[in-house]
Structure formats: C-alpha cells, structure tokens
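If you count the sequence shown from 1, you need to add 220 to reach our numbering.
For reference, the structure is listed below as structure tokens.
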Amino acid sequence: MSVAPLPSAPRSTGNPFAGVDVAAAAGLEVRPGAPRPVFDQEVWDLSGLVGAPVTMGAHRKILDFTRIVNHRWRTVAREYLLARIAPRHPAVTTLPSAFRAPFNPTSLWGELNHLARWFDHLHHAGLVSLAEVGQEHCDTYLEEVSWTTTGTRRRMRPVVVAAFVRSAQVLTLYADILSDTYTPGFRPWGARGADDVAGYVRTKTNLVLPVPDALLRPMLADALYLVDTIGPHLAPEAERARTADQQEVASRRYLAVEELPLLAEAIETHRAAGVPAPCLAAGTVTKRLAAGWEPDDPLLGVAWHSVVVAAVGAMGQRRDLERLRPALQRWVAECGTEQRWCRSAGLVGRLDTDELVPWSLPTDRDHLASMVSTVTSAALYVTSVLSGMPSSELHELTARAARREERPGGAARYRVVSRRIKGEAFGGVEDSWVVLEDVFRALRIAEALTGAAPGGLLFAKESNVAHARYTRMRSWINGPAGQRLGLMAIPDGPVNPRALRRTLALSIAQRPHGLMAAKVHLKHVSVATTEGYAARPGGHQAAFLAEVAAGRASRTRTPDRRRLPRLPPRCPAVRERGTRSAGLLRGRRPGPGRPRRRAGHRHRRPASRAPPASQGRDPPRRRRQLLLVLRPEESPLPRAGRHPRRGRADDRDVRLGPLPPGHPSPRAPPSLGRPCHLHKGRLPRQPPAVQTRTGPCSSRVRSGHRRRCGDRHGRHPGQRQPWPLTPARTSRQGSGPP
C-alpha cells in the first residue's frame with residue numbers, strides 16, 4: 221500500500237493555544253527552577269508539579285507527543301489535552317459540549333497513550349487527515365484494541381476497550397478548536413456509547429474479592445512477628461549499614477602511601493580482638509576469578525575495602541592489598557572470615573515453637589537489604605489490613621505521621637496523618653485515621669528501617685506495584701531465612717491493599733451495628749458504598765437489593781399502597797348472632813376519589829375472586845388486614861347462640877312459646893335501653909333488602925360517641941333480630957385467601 225507523504229508540522233499562527241504556559245493555563249503550581257512546559261513543545265515535562273501524588277510515577281510526568289507519527293495529529297493531541305486540563309480557557313468556554321470539570325493531570329499519560337494508538341492505526345491505514353476516517357476504520361480499530369499485543373494473545377477486558385473507544389469519540393466534542401477533525405456529522409460508531417461498543421456493563425457491585433482466610437491468617441501472623449520481634453533488632457543494624465554506605469560514597473579516592481601504616485594498625489587491632497575478617501559475596505568472588513585471581517589465594521574472599529574505608533576513608537586498590545598481604549594473611553589465618561552484617565544477632569523465639577534462635581545469621585549487604593525490604597513490606601501490609609487505608613493514601617505516609625495522643629484516664633489514641641487523593645483536586649487534602657496500637661508500632665518500625673527524615677516518604681522508595689512488593693515478601697518468608705524463624709508458609713494467591721480494605725470492611729460489618737461503623741471508619745460518602753464493601757457480589761446484598769426493587773415495583777403498581785392497618789369491626793351483632801367468623805386479608809386504603817364511610821352504615825366487602833387454576837402458584841403477598849365477616853348457614857362449625865337461661869333465676873317462669881292472640885306486647889326491660897324522645901311518633905327504620913353502600917357496622921362509631929337511639933345492640937325498637945350479612949367480595953384480583 222502506498223502511503224501519501226506526511227504533511228509538514230503546522231505553524232502555530234492562528235492557534236488559540238500558541239505560546240500558552242501549560243501549567244499556568246491549568247492552574248497548576250510548579251516548583252521554582254523546574255521546567256515549565258509550553259504548548260508548542262512536543263514533549264511536556266511535568267516533573268516539577270507541586271503536590272503530585274506518589275502514585276503518579278516519574279514516567280507519567282513526561283508527555284512525549286513524538287510517539288505520534290503525523291505532525292498534524294500531534295498538534296491535535298496537544299490541543300485536546302490542554303482543553304481538558306484547562307476548561308476555563310477562553311477558547312474552551314465557548315464550546316457547548318466541552319467538559320467543564322478539569323482533567324486530572326495524573327490521567328494525561330494514559331489518555332495520550334489512547335490517542336497515540338488511535339492515530340497510529342489511522343496512519344498505518346494510509347490516512348493523512350481525520351476527515352478521511354470512516355466507520356470501516358473504526359471497526360478495524362475495535363478489533364485491534366480488543367486483543368493484547370504482548371505475551372500470549374488474549375482478549376482485553378471490556379472496560380479497557382471502552383477507554384480506547386471513548387478517546388476516539390470524544391474528539392468530536394472539541395471539533396471547533398482542533399486543527400484537524402472528522403467530517404461534520406460523523407462520529408465514530410455513531411450514536412452508540414463507548415460502553416455499548418465495547419460490551420462493558422457497569423455495575424454497582426464491588427468486584428474486588430476479599431483475601432481468603434487461609435491466606436490472610438498466615439500472612440498477618442508472619443507480618444506481625446516480623447514487625448514486633450525482628451524489627452527492633454534489625455533497625456540498629458540497618459542504621460549501621462546506612463552509615464557505612466554514606467562513608468563509602470564519601471571515600472571515592474585512592475589510598476595514599478602515607479596512610480598505609482594507619483591501615484596496618486587497624487588490621488592488627490582487629491586481629492588482636494579476634495574479629496573475623498569480612499568476606500565477599502559470591503558474585504564478587506566470581507568477578508575476582510575472572511579478573512585473574514588464583515583460586516587458592518587466601519585473600520580471594522576477603523572484603524578488605526570495607527576495612528580501608530572505615531580506617532582511613534579511602535578506597536584500596538590491588539597494589540595496596542599486595543603491600544599489606546602479610547598482615548592480612550595473618551589476620552585471616554588466626555580469625556577466619558565471616559559475613560560483615562548481623563554477626564552478633566540476639567536470640568528470639570521462633571513463631572511456631574518459641575525455641576530461641578538468632579534473629580539472623582551473619583549475612584552480606586544484599587541479604588540485609590532484602591531483610592529490611594521484607595520487614596518494611598510487612599509493616600505496610602499490617603497498616604493496610606488493620607486500618608483499611610486506600611493504596612493511594614498508604615503511599616503518601618511520611619515519617620512522624622503516626623502520633624500518640626494521651627486521653628483522660630491514662631488511655632491513648634493513635635492517629636495517622638495522610639493525604640487523601642481519590643475524589644479530591646490535584647494535590648489532595650490532609651486527612652487523619654484513628655488506628656490500633658499495632659499500626660502505630662508498624663509505622664515506627666518502618667521509620668527506623670528506612671531512616672526517613674521527618675516528612676520523608678515511608679513506602680515509596682521501592683516499586684509502588686503492590687503485587688511485586690508482596691511477591692518479594694512472600695518469597696523471603698517461604699525461603700530458608702523465614703523458615704528458620706518458624707514463619708508460616710504463605711500459600712499462593714493475590715494480596716493487595718484493595719483486597720485487604722474489602723476484607724476489613726467485611727470483618728467490621730459482621731458485628732452489631734457494623735455497617736455504620738465500617739462507613740465511618742472507611743470514610744465512605746454513602747452507606748451504599750459500604751454495603752458494596754461488606755457483601756460478596758451475588759450474596760445477601762444482591763438478594764436484599766432484589767427484594768427491595770420488587771417491593772418498590774409492587775407498591776408502584778398499587779395506587780393505594782400506603783394504607784394503614786385497621787382494627788377488625790367490633791359489632792355486637794356478630795357476637796349475638798354467634799355464627800362463625802373468618803378473617804380476610806386486605807390491603808386497600810381509601811384514595812382521594814373514594815367516599816369516606818360514615819357511622820351507621822354497615823361495611824360490605826365484595827367476594828374475593830380466586831386466582832385461576834392455570835397459574836399453579838400462590839397469589840402475590842400484600843399488606844393485609846383482618847376483617848370479621850359472617851359466614852352463611854352451610855358452615856360446618858356449630859352455631860354458638862346465646863344460652864336461653866343465661867342471666868335468669870331458676871325459679872322464674874319463663875314463657876318459651878309465642879303469646880296468645882290479642883295479648884298486649886310486653887314492655888322492654890329497663891336494662892335493654894331507655895326510650896328516646898327522638899323516636900316519638902316515628903316508625904322504626906327497617907333494614908335495607910340489599911346493602912348497596914360500603915361502610916362500617918352501626919356499632920363502629922367514633923371513640924367516646926354516645927348512641928342517641930336504639931338498644932345496647934344498636935337495634936331500634938321493634939327490631940328483634942339483625943339481618944344477615946352477605947359474604948365479602950373484593951374488587952382486587954389476587955387478594956389473599958380467607
């Protein structure tokens with residue numbers, strides 16, 4: 221395929237960003253004397269930014285636009301990135317679709333990588349302008365970024381692919397200020413979003429799995445042993461090693477001839493004291509053999525340069541060693557050789573059996589550095605698992621960050637001051653954590669091992685990759701040095717601060733009131749975030765959320781979903797009649813358009829409609845209420861009527877049959893009620909043949925309301941038996957069974 225020649229680099233004339241100071245336009249502060257990048261430069265050096273987090277490595281502060289082959293597209297990349305970090309620039313504020321929140325400078329390096337990948341794909345396709353881009357180029361690019369380019373070929377995660385797609389689409393939002401843009405009306409992948417194109421489904425479920433208990437227990441036990449038992453012994457030895465390193469750096473000169481007697485005197489002093497001569501590491505011995513040393517030379521493995529540095533502050537050469545060979549051979553013959561570090565190691569108890577063993581065997585400088593790194597990493601993981609601090613804040617910890625506060629009554633509170641990075645403006649804000657005493661001791665041991673000055677970083681001198689640090693610590697613990705101390709072997713499995721933070725959240729949330737305690741301690745903005753930390757994906761949290769969603773949906777479909785429960789009717793006629801009553805469950809509440817029931821009207825419920833037999837399942841549950849409804853005569857239960865001789869004397873003549881014709885009607889006893897003047901000259905009210913209006917029973921009136929008519933059963937004069945009630949009927953389908 222023939223590729224058209226690349227256009228020359230465009231001139232800055234007419235560009236709204238020409239000559240703009242990048243840091244000043246973005247509102248970023250640069251240290252005095254540090255380079256200040258300008259828009260027209262093809263390499264932006266942001267290494268002088270003040271407040272840059274530790275997680276923003278040195279390579280992320282160098283933006284090299286020369287990776288893009290097309291000069292025109294280099295300018296497009298600079299214009300787009302400057303518009304993102306400086307949204308208040310006059311040329312950007314007029315864009316209707318531009319982002320208004322400033323882009324975090326820590327993300328510039330990754331965004332440049334995405335743009336370079338897109339532009340390089342177009343360049344290899346033979347395009348020289350973005351106006352030539354078509355959907356076919358987008359489809360081939362999607363297939364390209366969906367697979368890895370190094371190692372075994374495997375498909376990339378959808379979230380990674382979505383980031384590449386989003387960088388290609390977002391250029392359309394800044395088309396008015398870019399020197400080269402797509403054809404008007406064209407947008408890569410049309411109206412589809414980046415997530416839709418990549419097949420990425422966003423979820424609110426926390427996908428970070430906690431550390432298994434079989435892995436967490438040995439790791440935490442070993443880390444606490446290294447911090448509390450080995451750390452106090454290792455700190456003085458690490459301080460001696462740092463002092464020796466500083467002396468060696470300051471002794472970069474040759475040994476003078478007049479200093480040979482002083483060196484010979486130092487060698488004789490060590491021989492008289494019985495101190496073994498320091499020996500070299502195996503790698504240095506190999507180099508001496510390659511340089512021509514004899515294998516049987518008694519001084520082959522003697523590290524005599526350390527004696528020269530300590531005695532006269534100089535570096536000894538081979539010729540100086542030959543001049544002092546007799547004294548050195550006599551020293552080696554009488555005292556032998558031994559590694560320089562950890563010679564007089566004290567005794568400590570093994571972790572498994574409490575047997576007393578030296579905390580370290582004599583070792584060389586490299587192994588001492590490995591031990592210091594292991595114990596420092598143990599302090600990091602103790603702090604992470606017992607405090608729950610995010611990884612970004614762990615790397616911001618400095619010397620003297622752990623403080624002890626005396627409380628009234630002799631108690632103490634331990635507080636750690638760090639810098640919160642996530643969710644804050646560039647540079648972060650100072651924040652503090654209340655921690656356990658174990659975390660306080662771990663941070664103090666880390667300060668002693670690293671020798672950090674006040675304000676110096678504790679855990680940022682080595683690689684910030686948590687997996688690499690954990691791998692080195694696990695290899696040392698499972699190796700000969702760790703097994704000699706009785707440390708528990710750590711099984712395979714990933715361990716990182718994110719997983720440890722999730723593990724702590726689960727541990728706190730399982731306790732009473734633990735959900736709110738985890739929210740406060742982990743500094744979550746909402747309880748929903750804490751719920752995600754405190755439950756496994758697809759576990760009780762998912763079931764709880766599904767139940768809540770189903771409840772909301774059912775209440776949304778029901779217009780009268782907020783009905784309050786009512787007490788069952790206390791109608792005396794039901795008790796007088798003595799028929800069997802049954803409770804029907806309902807859940808309706810009178811809406812704004814339904815008439816309210818008045819006292820004196822009996823309540824009538826429509827008969828419930830049974831669900832069809834084809835459904836084969838119970839009707840859905842709803843809020844229900846117990847109502848008493850009379851059953852018809854075909855009830856299998858016996859009728860419990862009033863006893864005929866209840867409340868009457870045994871010797872009293874009681875007429876059980878009807879009165880003879882013409883006999884005057886007897887007067888009602890005084891105990892059944894008094895005649896009311898409202899009924900004089902008025903016929904008693906007759907019950908309706910069919911009840912057509914719903915309402916409460918006549919006996920269900922407001923509390924404290926006195927009846928003004930009828931007897932104590934709510935009957936008018938002349939009314940002897942209450943009329944029967946019809947079976948209840950409901951207008952809602954799917955109501956509960958009686």
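Ideal Cβ positions, reconstructed from N, Cα and C, are used throughout, including at glycine.
All values reported here derive from a predicted model rather than from experimental measurement.
| Check | Outcome |
| --- | --- |
| In its own chain, which residues sit with a C-beta less than 6 Å from the C-beta of His687, not counting the 5 before and 5 after it? | none |
| Here's the rule: buried if 16 or more other CB atoms are within 10 angstroms of the residue's CB, otherwise exposed. What is Val240? | buried |
| Would you call the segment 704-719 and the segment 645-658 touching, i.e. three or more CB-CB distances under 8 Å? | no |
| Just curious, the beta strand (DSSP E) that Arg640 is in, first and last residue? | Ala632 to Arg640 |
| With a cut-off of 8 Å on the beta carbons, I'd call Arg545 and Leu519 a contact; round off their distance for me. | 7 Å |
| Distance check for Met609 and Lys642, CA to CA, integer angstroms please. | 12 Å |
| Residues in its own chain within less than 8 Å of Arg374 by CB, not counting five upstream and five downstream? | Trp367 and Thr368 |
| To which residues does DSSP link Trp264 through a beta bridge? | Leu283 |
| Can you look up Val289 in the DSSP assignment and give me helix, strand or coil? | coil |
| Quick one: using the 10 Å Cβ neighbour count with 16 as the cut-off for buried, is Ala493 buried or exposed? | exposed |
| Taking DSSP as the reference, what is the three-state secondary structure of Trp653? | strand |
| Kindly identify the DSSP beta-bridge partner or partners of Trp561. | Thr583 |
| So what does Pro578 bridge to, in DSSP terms? | Leu567 |
| What is the DSSP secondary structure of Thr392, counted as helix, strand or coil? | helix |
| How about the segment 386-402 and the segment 287-295: do they share at least three Cβ pairs that are nearer than 8 Å? | yes |
| Does the separation of the CB atoms of Phe323 and Ile305 fall below 9 Å? | yes |
| So, does the segment 712-730 touch the segment 602-616, judging by three or more C-beta pairs under 8 Å? | yes |
| Check whether the Cβ atoms of Tyr420 and Phe384 lie closer than 9 Å to each other. | no |
| In whole angstroms, what is the alpha-carbon distance linking Gly451 and Asp584? | 18 Å |
| Could you tell me whether the Cβ atoms of Ala565 and Leu576 are closer together than 9 Å? | no |
| To the nearest whole angstrom, what separates the beta carbons of Val447 and Ala318, a pair I think is in contact under 8 Å? | Actually they are not in contact, since the Cβ atoms of Val447 and Ala318 sit about 51 Å apart, beyond 8 Å. |
| Which whole-angstrom value describes the C-beta separation of Gln389 and Ala414, a residue pair presumed to lie in contact below a C-beta threshold of 8 Å? | 6 Å |
| Less than 6 Å between C-beta atoms, sequence neighbours within five positions excluded: which residues of the same chain meet that for Pro714? | none |
| Classify Pro880: buried if its beta carbon has 16 or more other beta carbons within 10 angstroms, exposed otherwise. | exposed |
| Quick test of your reading: Gly431 and Thr691, contact by CB under 8 Å. State the CB separation rounded to the nearest angstrom. | Here residue 431 is Val; the residue named in the question, Gly, does not match the sequence. Not a contact, Cβ separation roughly 15 Å. |
| Measuring straight from C-alpha to C-alpha, what distance separates Glu558 and Pro498? | 5 Å |
| Which class does Pro236 belong to by DSSP, given the choice of helix, strand or coil? | coil |
| Taking the C-alpha atoms as reference points, what is the distance between Arg437 and Leu606? | 13 Å |
| Take the Cβ of Gly405 as the centre, count every other Cβ of all protein chains shown within 10 Å, and call the residue buried at 16 or more, exposed below. | exposed |
| Please return the same chain residues whose Cβ sits closer than 7 Å to the Cβ of Arg407, not counting the five positions on each side in sequence. | Gln389 and Thr392 |
| Figure out for me which residue from Ala278, Val312, Val289 and Glu485 has the closest Cα to the Cα of Asn235. | Val312 |
| Taking 6 Å as the limit between beta carbons, can you name the residues of its chain near Ala345, skipping five residues before and five after? | His357 |
| At what residues does the beta strand (DSSP E) containing Ala306 begin and finish? | No beta strand (DSSP E) contains Ala306, which DSSP labels as neither H nor E. |
| Determine the burial state of Thr670: buried for a count of at least 16 other Cβ atoms within 10 Å of its Cβ, exposed for fewer. | buried |
| Can you tell me which of Val532, Ser349, Val258 and His453 puts its alpha carbon nearest to the alpha carbon of Gly569? | His453 |
| Check the C-beta distance from Glu616 over to Val274 and give it rounded, since I have them as a contact under 8 Å. | 6 Å |
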